[in-house]
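Each remark here refers to the structure printed beneath this line.
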Amino acid sequence: MKALVLPHIIVQNANAFPSPFSIGFPAVTAFLGAVHALERHLRREFEDVRFLSAGIISHKADLQVYKGPGDYVYSVINTANPLDKKGERPSFIEEPRIHLDVSLIIEMEGVRKLQEKPFLEAVKRLMLSKMRLAGGDILRLDAPLMDRDLSHRTLMRYTGPGYAFIERRDVMQEAMAQGKDAVEALIDVLSVHHTCQENDDEVIWESKRKYEGWLVPAAIGFQGISPLGKALNQRDPDTPHRFAESVVTIGEFKMPHRLGTIDEMMWEYRYNAAKNLYLCETKTTPKE
């Protein structure tokens with residue numbers, strides 16, 4: 000696989016509100032959107048370059064929340080708006096933020112005649128001057144590099160230590176096969192179950208989830224809930240508009256050396272016209 004590697008991108012204040020009912024790691028759509036934006040910038044100078052899919056490696060994620068002594072839940076740490084004319088704080092909407100250290104592995108084509116050094120210089124220049132990632136500011140990144148035959152072994156050298164973000168739709172499907180709806184299935188997969196056993200005079204407590212692994216909610220796209228058509232003051236007058244809602248499933252952070260193939264972590268766009276689904280899915284996800 001021909002790949003562009005963007006190692007250790009340091010992002011400040013990324014959007015930690017990926018869906019209407021989850022908080023934490025940004026949505027997959029945010030990462031693939033940034034990759035698509037980078038491709039469009041690059042094609043002004045390198046017109047044959049195409050980005051096909053992208054892998055996400057998380058090295059560090061610092062969610063901006065606070066839990067004081069005796070608190071039961073976490074509170075979102077917000078920035079303060081300037082005082083208004085009366086010397087009071089204006090109203091604002093809470094926006095959870097997260098600081099990130101991530102690497103992106105981008106599958107490419109159209110690189111046969113590409114001059115590597117000018118291309119990589121352009122990538123770094125654009126990332127630092129034109130780009131945002133998940134709504135956050137890119138503070139710095141290590142030198143980008145190209146690998147014209149990326150293998151599972153060389154992936155470890157570029158991205159360790161870190162966790163690949165993969166899709167685990169299978170655990171949602173298993174829960175829903177038992178008669179649960181989507182929200183119930185999501186809660187069933189993520190909830191921590193507490194049990195105790197009495198052993199003579201000792202009580203032993205055990206806390207665990209139903210499934211093993213570092214499982215989290217994953218916002219992977221949208222489903223259209225209205226017909227395609229025109230809307231008043233829409234941003235692009237030439238593109239049909241529709242209202243949509245978030246699609247959330249289960250994702251997993253997994254050490255790259257535990258993956259069977261690189262395709263397990265490579266996300267790509269898929270459109271399901273029959274179900275009005277606009278999704279980001281890994282290459283190993285069965286097509287519906």
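Its first residue numbered 0, the sequence shown is counted upward by one per residue in numbering that gives the first Met the number 0.
The beta carbon of each residue, even a glycine, is placed where N, CA and C say it ideally should be.
If you follow the alpha helix (DSSP H) that residue i is part of, which residue opens it and which one closes it?
i	result
residue 118	115–128
residue 230	That residue, residue 230, is in no alpha helix (DSSP H); it is neither H nor E in DSSP.
residue 254	Looking at the DSSP string, residue 254 is not in any alpha helix (DSSP H), and its letter there is neither H nor E.
residue 38	27–41
What do you reckon, are the CB atoms on residue i and residue j nearer than 8 Å?
i	j	result
residue 181	residue 18	no
residue 52	residue 204	no
residue 162	residue 6	no
residue 238	residue 151	no
residue 101	residue 10	yes
residue 40	residue 129	yes
residue 59	residue 165	no
residue 251	residue 213	yes
residue 103	residue 119	no
residue 8	residue 105	no
Taking the C-alpha atoms as reference points, what is the distance between residue i and residue j?
i	j	result
residue 14	residue 29	9 Å
residue 27	residue 220	8 Å
residue 202	residue 194	10 Å
residue 65	residue 95	11 Å
residue 133	residue 33	7 Å
residue 189	residue 83	42 Å
residue 114	residue 122	13 Å
residue 149	residue 79	45 Å
residue 20	residue 109	40 Å
residue 271	residue 69	48 Å
residue 276	residue 222	5 Å
residue 75	residue 63	6 Å
residue 2	residue 97	27 Å
residue 209	residue 37	39 Å
Have a look at the DSSP bridge pairing and note the partners of residue i.
i	result
residue 197	202
residue 221	245 and 277
residue 11	136
Where does the unbroken beta strand (DSSP E) through residue i begin, and where does it stop?
i	result
residue 370	The structure shown does not extend to residue 370, since the chain is modelled only from 0 to 287, so the question has no answer here.
residue 101	96–108
residue 152	From DSSP, residue 152 is part of no beta strand (DSSP E) but of the alpha helix (DSSP H) over 151–158.
residue 165	162–166
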